[in-house]
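Okay, so the first sequence: first residue is 9 according to the working numbering, each after it adds one. Everything on this sheet refers to the single structure shown next.
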Amino acid sequence: MTIGKLKLTNSLTRKKELFEPINSPKVGMYVCGPTVYSNVHLGNLRTFISFDIINRYLKFLGYKVRYVRNITDVGHLLDNGEDKISKKARIDKLEPMEIVQKFTNDFHNVMKTFNVLPPDIEPSATGHLLEQIEMIETLLSRGFAYQANGSVYFDLIKYNKLHPYGKLSGRKMADLINQSRTLEGQDDKKNPLDFALWKKAAPNHIMKWKTKWSYGFPGWHLECSVMSTKYLGKQFDIHGGGLDLKFPHHDCEIAQCLGSLDKEPAKYWMHTNMLTVNGQKMSKSLGNSFLPWQLIYGNHKLLDRGYSPMAIRFFMLQSHYASTLDFSNEALNGSLKGYTKLANGIRILKEMIYPKHDALNVNAALINQISKICDDCHNAMNDDFNTALTIGHLFNLLKKVNSFYSKQLSLTDINQATFNRMKTTLLTFTEEILGIKPEKNINGHNLLKFLLEDYAKAKATKNYKKVDLLRQLLAEEGITINDMKDFIGWAYNE
RNA sequence: GGUUCCGUGGCCGAGUGGUUAGGCAGAGGUCUGCAAAACCUUUUACGGCGGUUCGAAUCCGUUCGGAACCUCCA
9 MTIGKLKLTN
19 SLTRKKELFE
29 PINSPKVGMY
39 VCGPTVYSNV
49 HLGNLRTFIS
59 FDIINRYLKF
69 LGYKVRYVRN
79 ITDVGHLLDN
89 GEDKISKKAR
99 IDKLEPMEIV
109 QKFTNDFHNV
119 MKTFNVLPPD
129 IEPSATGHLL
139 EQIEMIETLL
149 SRGFAYQANG
159 SVYFDLIKYN
169 KLHPYGKLSG
179 RKMADLINQS
189 RTLEGQDDKK
199 NPLDFALWKK
209 AAPNHIMKWK
219 TKWSYGFPGW
229 HLECSVMSTK
239 YLGKQFDIHG
249 GGLDLKFPHH
259 DCEIAQCLGS
269 LDKEPAKYWM
279 HTNMLTVNGQ
289 KMSKSLGNSF
299 LPWQLIYGNH
309 KLLDRGYSPM
319 AIRFFMLQSH
329 YASTLDFSNE
339 ALNGSLKGYT
349 KLANGIRILK
359 EMIYPKHDAL
369 NVNAALINQI
379 SKICDDCHNA
389 MNDDFNTALT
399 IGHLFNLLKK
409 VNSFYSKQLS
419 LTDINQATFN
429 RMKTTLLTFT
439 EEILGIKPEK
449 NINGHNLLKF
459 LLEDYAKAKA
469 TKNYKKVDLL
479 RQLLAEEGIT
489 INDMKDFIGW
499 AYNE
């Protein structure tokens, strides 16, 4: 066996571990989704593309994955205690649910545009208020929470006596207490580190629900604990999110789950790294973030041009999810060219058929080489979903395909089984696992065929004026004509 | 200050003890009416210093530089 087993980096242990699901072949995966008070930006997109790959690859390996990705539609507070969605609703004079719907729609459009598969369940915080209230009650009854002025807070000092708080991010309570910052409206807390489970709403607050504690709303961390538990059980396999959620959000989730259920919620924690611009994290507050649409259409002052969604997806997959990825025109241009090369190769490969022949010239070395590259692709994905390395191997395979196409290598040198494996591997990894799908489709294949025949005739009669004209006309339609040794080929332009 | 991480060739970006990552760009070649595409060959490399080792980009120490988190963030 030359193909190994799946390993992934577990943020909880900081080690690369063999992936062993709790109830194989079932796999439960929870990923923190967006807060829908504005458009998702490119950095958010990177995270969701990364988990899309993980979802796709786990399914490819035959696991029965239940992928849950939430929509946060309440509970994210600003420094002054106002809810992000409430604030946007107040400014735009809209119902909070109109804000939520608008940006949820945008989020879904972006996901679809970038070929991100939808999750199996996409729960929202406001749809799970009863469950959240129940968890608060459990925490209160177990003594890990306390009421103060209509709000309920998680008692971290008490919790920390039983379970170390901050183990995911490597923080210690003593250090945290020394460094905590005083925020507005936190006078009710026993300890500044305690976080809200339920927050009493100010009179002008629009999003609020009646409970025995107050008219109020749930704290942000609570929804993820509640919804992951509800749909995946007390313990599930993978919990993911952006690196910036590791602390405090994910440490708080662990505290809520352990505090109410006595179980570690997730076996493996996975964190995706940040997209950077000139070495700095892309974020809304720094003003260096791009919207996906701006990148597609090229309408941003930092952009030289627009890039197609698949070129952008390819760009992101050329790095590992746990590394930062720096964003620049130069890097994007490089990826665009690489992507175009891959897309053209895929088109050629789809039309390539193994010829009928007497297999006399079988080249064992070539067969071994091709099968090794196919193994390499699997092993690269098995190594913590290393898409960058996988793409490297796919290009090695692509070279073979192109060599067969241009007849620099002959298909009669390999047997049918090798041909089939080469074809299946390249197509499956590119389209199913990496989710890179063809963007351009030529309508009017017959017309193209006719023009290429005409072109060939013009060439044969050395009518170069016509030859050049046909080349130019087709170039304007996005097609490059390639004169091959004994036939006329074509490819997509960038 | 605490926690975590990074520094690879012109650009992006894998690799973690010995053997070509890959893409883009550059050079040469095959092919070509000229091109283009493709393929082949090829230049530029592991921040500095010290250590471990037969051997280090990879391990250890140190130093310089950069980033993220500690406030909402994917």
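Backbone N, C-alpha and C fix where the C-beta goes; we use that ideal spot for every residue, glycine too.
Non-local beta-carbon contacts of Lys448 in its own chain, meaning distances under 7 Å to residues more than five positions away in sequence, involve Gly486 and Tyr500 in chain order. With fewer than 16 other CB atoms across the displayed protein chains lying within 10 angstroms of its CB, Gly452 is exposed.
Annotated as proximal: Thr55 and Gly250, with beta-carbon spacing under 7 Å. Nearest Cα to Pro211 within the set Ile11, Gly224, Val160 and Lys254: Gly224. By the Cβ rule, the segment 310-319 does not count as touching the segment 93-100, because fewer than three pairs are nearer than 8 Å.
Within the segment 375-445, not a single complete beta strand (DSSP E) segment reaches 3 residues in length. When DSSP states are grouped into helix, strand and coil, Met360 belongs to the coil group.
Just measuring C-alpha positions, the residue of Asn341, Ser411 and Thr17 sitting nearest Met492 is Ser411.
Taking 8 Å as the upper bound for CB-CB distance, Asp196 and Asn157 are in contact here, some 5 Å apart.
Contact annotation, Ile214 with Arg355: C-beta distance approximately 52 Å; criterion of less than 8 Å not satisfied. With a 10 Å radius around the Cβ and a threshold of 16 neighbouring Cβ atoms, Ala133 comes out buried.
With contact defined as three or more Cβ pairs closer than 8 Å, the segment 54-73 and the segment 260-274 are not in contact. Taking Met389 as the centre and dropping the five residues before and after it, the same chain places the C-beta of Tyr65, Thr398 and Ile441 closer than 7 Å to its C-beta, in chain order. Within the segment 83-156, the runs of beta strand (DSSP E) at least 3 residues long that lie entirely inside it are, in chain order, 153-156. The Cβ-Cβ distance between Phe298 and Leu50 falls below 7 Å. Here Leu283 is actually not in contact with Phe244; their C-beta atoms are around 27 Å apart, not less than 8 Å. DSSP places Asn52 in the uninterrupted alpha helix (DSSP H) bounded by Leu50 to Phe68.
In its chain, beyond the 5 residues on either side, Phe152, Tyr173, Ala263 and Gly267 have a beta carbon closer than 7 Å to the beta carbon of Tyr167.
The beta carbons of His257 and His229 sit closer together than 7 Å. For Asn281, the three-state secondary structure derived from DSSP is coil. Looking from the CA of Val35, the closest CA among Ile246, Asn369, Thr432 and Ala330 belongs to Ile246. Between Ile496 and Tyr472, the C-beta gap is not smaller than 7 Å, which leaves the two residues out of contact.
In the structure shown, the three-state DSSP call for Met37 is strand.
Between the C-alpha atoms of Leu456 and Ile489 there is a straight-line separation of about 11 Å. Per DSSP, the unbroken beta strand (DSSP E) holding Trp498 starts and ends at Ile496 to Tyr500. Collapsing the DSSP output to three states places Gly342 in a helix. Here Gln155 is not near Trp217, since their CB atoms are 7 Å or more apart. Straight-line spacing of the CA atoms in Thr348 and Asp391 works out to 26 Å. If you look at Asp245, you'll find it in the beta strand (DSSP E) that goes Phe244 to Gly250. The alpha-carbon of Gly342 is positioned some 51 Å away from that of Ile144. Nearest Cα to Ala372 within the set Gly346, Val160, Lys242 and Leu419: Leu419.
Separation of Lys445 and Lys120 (C-alpha to C-alpha, rounded to the nearest whole angstrom) is 12 Å. The closest CA to that of Ser414, considering only Leu357, Lys289 and Glu90, is found on Leu357. Residues of the same chain with a CB within less than 6 Å of the CB of Asn123, apart from the 5 flanking positions on each side, are Gly443 and Lys445 in chain order. According to DSSP, residue pairing for Phe225 in a beta bridge involves Lys207.
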